[in-house]
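In full-length UniProt numbering, the protein residues as written are 1 to 390.
Note that the Cβ used here is the ideal one computed from N, Cα and C, for glycine as well.
Because the structure is a prediction, the values reported are computed rather than measured.
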Amino acid sequence: MDIEKNHDDGSPELSLKKQPSLQLATNGSNEEYTERDRKDGDEALKAFEGHEGEEILLTPEIERKLLRKIDLNIMPMLCTVYALNYLDKVTLSYSSIMGLQKALHLTSDNYQWLGSMFYIGYLFWEFPTGRLLQRFPLGKWSGINIVLWGVAVACMAATRNFTDAVAVRFFMGVFEAAVTPGFALFTSQWYTRQEQGLRVAIWFSFNGVAQIVGGALAYGISTSVEKYGNSAVLPAWKIIFVVTGPVTIAVGALFIWLMPDNPMNAWFLTPEEKLQAVERIRRNQQGVGNKRWKGYQFKEALMDPMTWLLFLFMAIANIPNGLGTFFSQLIVSFGFTPDQSLLYGTPGGGVEVIFLILFGWLGARYDNRLLFGASGILTASNNPIPLFLP
């Protein structure tokens with residue numbers, strides 16, 4: 001196997017080529033494969049050590065079988081965690097009409113700060129956790145953050161005032177900051193570019209699943225506590241956190257145990273399939289990651305206009321997310337009861353699941369993710385349904 005080393009800007013750039021020898025091609029001369037090259041190279045390089053000169057058989061039939069195996073082992077974990085990621089966000093909205101504001105003596109401004117503090121913690125820790133996702137094993141670091149945010153969710157049930165609650169919300173944001181960038185890395189490690197759009201749409205659609213399950217769960221808790229009255233062990237708003245927090249902790253522990261850090265240490269793949277999984281994603285021309293910080297790549301990203309266009313797009317697209325904190329209260333303001341408002345948020349989750357997967361499939365089918373992504377955003381931004389609400 002040859003490692004080709006190019007120095008366009010004075011920085012090393014490695015690319016794999018299937019050749020019978022493990023050497024460097026630099027200025028037409030052969031050199032030893034050094035420890036520095038090993039460190040600068042992609043982690044996928046290690047998968048081919050000891051297999052120099054071997055041909056990796058990857059027919060369409062083998063690739064389909066391998067893809068099914070990857071889907072069955074990777075996607076359920078990503079989908080479950082992303083559902084909990086959204087569910088743990090909207091528990092604040094549910095609890096706001098289940099007695100939290102009264103119990104903690106929150107003013108309107110206090111409640112708004114609870115909603116904002118989550119995102120302050122998220123922004124504060126996003127860059128550091130991005131580096132840690134690169135530095136530490138991806139599956140383990142992601143799983144640890146899932147467990148810790150589950151602990152933070154459970155701690156909301158123990159809060160006694162605004163100060164307690166705002167501190168807990170900050171740390172919820174800190175620990176959840178690892179989820180979306182981590183899941184983007186998982187997707188790029190396991191899937192080709194043509195496959196990534198639909199897979200992201202599928203695990204992202206579990207926001208909608210969480211909206212359905214969360215609304216039904218909150219409704220069940222609220223009506224049950226109303227039925228038992230003062231004999232209930234805990235107030236309804238505390239129960240929602242006591243239930244969702246430990247579930248998240250348990251799923252996080254499973255994530256640490258079951259989720260591989262990359263294709264090379266996947267427990268569900270044979271040694272041959274590991275090589276095939278790495279070979280399959282070589283067409284992405286991005287590898288599976290490297291733990292070293294490379295300043296020239298950071299500078300290149302900052303100088304790329306696409307980085308800032310993506311930043312602008314994500315910032316604008318996520319502004320409506322703030323509505324989620326006040327959604328239950330908004331429905332109540334239309335004249336519905338608190339219990340009714342918990343259920344009326346669930347249809348939106350069903351719509352989200354259907355159309356996210358539909359647009360993801362269409363983007364992959366016609367190889368035009370931009371067109372179908374923009375169509376979905378334009379449809380949502382011009383939604384006429386609120387005009388017909390009472």
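- When secondary structure is reduced to three states using DSSP, K291 falls in the coil class, being assigned neither helix nor strand.
- Fewer than three beta-carbon pairs drawn from the stretch 109-117 and the stretch 231-243 are found closer than 8 angstroms, and the two stretches are therefore not classed as touching.
- In this structure the stretch 354-368 touches the stretch 193-206; the number of beta carbon pairs closer than 8 angstroms is three or more.
- Per DSSP, the unbroken alpha helix (DSSP H) holding Q329 starts and ends at 323-333.
- Less than 8 angstroms separates the beta-carbon of L138 from that of L185.
- Distance from the Cα of D109 is smallest, within the candidate group Y122, P246, T163, for T163.
- When the alpha-carbon of V209 is set against those of S333, A178, Y86, A374, the nearest one is in Y86.
- In this structure the stretch 122-139 touches the stretch 170-178; the number of beta carbon pairs closer than 8 angstroms is three or more.
- Take the alpha-carbon of T159 and the one of T80: they are about 27 angstroms apart.
- Under the Cβ criterion (8 angstroms, minimum of three pairs), the stretch 257-266 counts as touching the stretch 276-295.
- Counting along the chain, S205 sits inside no alpha helix (DSSP H), nor does DSSP assign it H or E at all.
- Contact between T248 and V153 holds: their C-beta atoms lie close to 6 angstroms from each other, under 8 angstroms.
- Taken through DSSP and simplified to helix, strand or coil, R282 comes out as helix.
- In this structure, the alpha-carbon of L330 lies about 10 angstroms from that of F336.
- In the same chain as D71, and ignoring 5 residues on each side of it, no C-beta atom comes closer than 7 angstroms to its own.
- V213 has its alpha-carbon roughly 15 angstroms from the corresponding atom of S95.
- The beta carbon of I56 sits closer than 8 angstroms to those of K18, L275, Q276, E279, all from its chain and outside the five residues before and after it, given in chain order.
- With fewer than 16 other CB atoms across the displayed protein chains lying within 10 angstroms of its CB, R131 is exposed.
- Straight-line spacing of the CA atoms in T379 and S341 works out to 24 angstroms.
- Straight across, the Cα-Cα distance linking F372 with G360 is about 8 angstroms.
- For the set T59, E63, L78, the Cα lying nearest the Cα of L258 is the one of L78.
- Here the C-alpha atom of L370 lies approximately 14 angstroms from the C-alpha atom of Q196.
- Scanning F183, C155, I97, Y191 for the CA closest to the CA of R64 turns up Y191.
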